[in-house]
Amino acid sequence: LTADQEVELALRIEKGEPRARQELAEANLRLVVSIAKRYVGRGMQFLDLIQEGNMGLMKAVEKFDYQKGFKFSTYATWWIRQAITRAIADQARTIRIPVHMVETINKLIRIQRQLLQDLGREPMPEEIGAEMDMPSDKVREILKIAQEPVSLETPIGEEDDSHLGDFIEDQEATSPADHAAYELLKEQLEGVLDTLTDREENVLRLRFGLDDGRTRTLEEVGKV
1 LTADQEVELA LRIEKGEPRA RQELAEANLR LVVSIAKRYV GRGMQFLDLI
51 QEGNMGLMKA VEKFDYQKGF KFSTYATWWI RQAITRAIAD QARTIRIPVH
101 MVETINKLIR IQRQLLQDLG REPMPEEIGA EMDMPSDKVR EILKIAQEPV
151 SLETPIGEED DSHLGDFIED QEATSPADHA AYELLKEQLE GVLDTLTDRE
201 ENVLRLRFGL DDGRTRTLEE VGKV
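Here the sequence shown stands for residues 1 to 224, where the numbers follow the UniProt record's numbering.
Set out below in structure tokens:
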């Protein structure tokens with residue numbers, strides 16, 4: 001989509017046209033697939049990664065502000081990545097996090113989201129640090145911790161009766177409309193696979209483990 005086409009769709013979304021939301025999402029399906037590919041092999045099947053990425057895409061469609069003047073794809077990338085990494089973290093290994101660090105991470109993420117909204121791109125550590133009155137190297141350290149695979153069942157503090165999930169408000173719960181939109185997007189992905197030759201489809205299914213969750217190397221795929 002061109003910038004003008006994105007603005008046109010955003011205006012239609014503003015007027016409450018469901019079809020416009022769908023069109024903007026459909027135009028960025030390849031972006032979701034492209035980002036999801038980077039996370040293959042981290043414990044989730046490729047289609048599940050795409051599902052989570054689509055949820056992030058729908059959130060970006062909902063929150064996109066065309067008046068800021070930036071490209072939708074730049075803005076959506078952050079939401080897609082966040083949705084995917086959050087899903088991976090939810091089923092990953094457990095580590096202990098101090099309570100004060102959970103509070104700092106939550107504050108950092110809130111500021112990161114606000115700067116994303118204002119700038120239309122992922123903010124630099126220096127920009128986040130300026131808002132938090134914190135050195136940029138400390139911001140980088142916290143960002144690294146925040147991006148580690150962390151289960152919502154992670155014990156917090158010295159006792160084991162509290163978990164990370166208890167401290168996180170679920171502001172990302174999927175609405176019925178978003179769920180319906182995702183199901184439609186999933187059907188369309190299957191439709192795209194149907195347009196490929198049998199060999200092309202088989203290569204993709206094997207490479208990304210679409211059927212059994214086990215990804216294959218290019219060498220393994222080539223032997224099939």
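Ideal Cβ placement from N, Cα and C applies to all residues, glycine included.
Note that this is a predicted model, so its numbers are computed, not measured.
*Would you call the CB atoms of Ala76 and Leu57 closer than 8 Å?*
The residue labelled residue 76 in the question sits at position 76 within the sequence shown. The residue labelled residue 57 in the question sits at position 57 within the sequence shown. Taking 8 Å as the Cβ cut-off, Ala76 and Leu57 qualify as a contacting pair.
*In the structure shown, what three-state DSSP assignment does Lys15 receive?*
Taking the first residue of the sequence shown as position 1, residue 15 is located at position 15. Of the three classes helix, strand and coil, the one that applies to Lys15 here is coil, per DSSP.
*Might you give, ordered along the chain, the residues of its own chain that have their beta carbon closer than 6 Å to the beta carbon of Val61, omitting 5 neighbours on each side?*
Taking the first residue of the sequence shown as 1, we reach residue 61 at position 61. The residues are Arg21, Leu24, Ala25.
*Contact check, Val203 vs Val192, beta carbons under 8 Å*: As a working note, residue 203 is residue 203 in the sequence shown. As a working note, residue 192 is residue 192 in the sequence shown. No; because the gap between Cβ atoms is not below 8 Å, this pair is not in contact.
*Can you have a look at Thr74 and say buried or exposed, based on whether 16 or more other CB atoms are within 10 angstroms of its CB?*
The count along the sequence shown starts at 1 and reaches residue 74 at position 74. Exposed is the call here.
*Which first and last residues belong to the alpha helix (DSSP H) in which Lys71 is found?*
By one-based count along the sequence shown, residue 71 stands at place 71. No alpha helix (DSSP H) contains Lys71, which DSSP labels as neither H nor E.
*Using alpha carbons as the reference points, say which of Ile80, Asp211, Leu196 lies closest to Val33.*
Residue numbering aside, residue 33 sits at position 33 when the sequence shown is read from its first letter. Ranking the options by Cα distance to Val33, first place goes to Ile80.
*asked:* With H, G and I counted as helix, E and B as strand and the rest as coil, what does DSSP make of Glu6?
replied: Taking the first residue of the sequence shown as position 1, residue 6 is located at position 6. DSSP places Glu6 in helix when its eight states are reduced to three.
*Have a look at Thr104 and Glu127 and give me their C-alpha separation to the nearest angstrom.*
As a position in the sequence shown, residue 104 is number 104, starting the count at 1. As a position in the sequence shown, residue 127 is number 127, starting the count at 1. Near 16 Å, if we compare the C-alpha coordinates of Glu127 and Thr104.
*Who are the near neighbours of Met124 in its chain, counting only those whose CB is closer than 6 Å to its CB and skipping five residues on each side?*
As a working mapping, residue 124 is identified with position 124 in the sequence shown. Closer than 6 Å at the Cβ level, and outside the excluded window around Met124, lies no residue.
_Buried versus exposed call for Leu196 [16 or more other C-beta atoms within 10 Å across all chains shown]_ = By one-based count along the sequence shown, residue 196 stands at place 196. Leu196 comes out exposed.
*Using the rule of at least 16 other Cβ atoms within 10 Å of the residue's Cβ for burial, across every protein chain shown, is Glu52 buried or exposed?*
As a working note, residue 52 is residue 52 in the sequence shown. Buried: at least 16 other Cβ atoms inside 10 Å.
*Measure the C-alpha to C-alpha separation of Leu217 and Arg207 and round it to an integer number of angstroms.*
Walking along the sequence shown from the start, residue 217 turns up at place 217. Walking along the sequence shown from the start, residue 207 turns up at place 207. Note that residue 217 is Thr in the sequence shown here, rather than Leu. Roughly 6 Å between the two C-alpha positions.
*How big is the Cα-Cα spacing for Lys37 and Lys144?*
As a position in the sequence shown, residue 37 is number 37, starting the count at 1. As a position in the sequence shown, residue 144 is number 144, starting the count at 1. Roughly 21 Å separates the two Cα atoms.
*Should Lys59 be labelled buried (16 or more other beta-carbon atoms within 10 Å of its own) or exposed?*
Along the sequence shown, read from residue 1 onward, the residue named residue 59 stands at position 59. Counting Cβ neighbours within 10 Å, Lys59 comes out buried, since at least 16 surround it.
*DSSP on Met132, reduced to helix/strand/coil?*
Locating residue 132 in the sequence shown gives position 132, where the first residue counts as 1. If DSSP states are grouped into helix, strand and coil, Met132 belongs with the helices.
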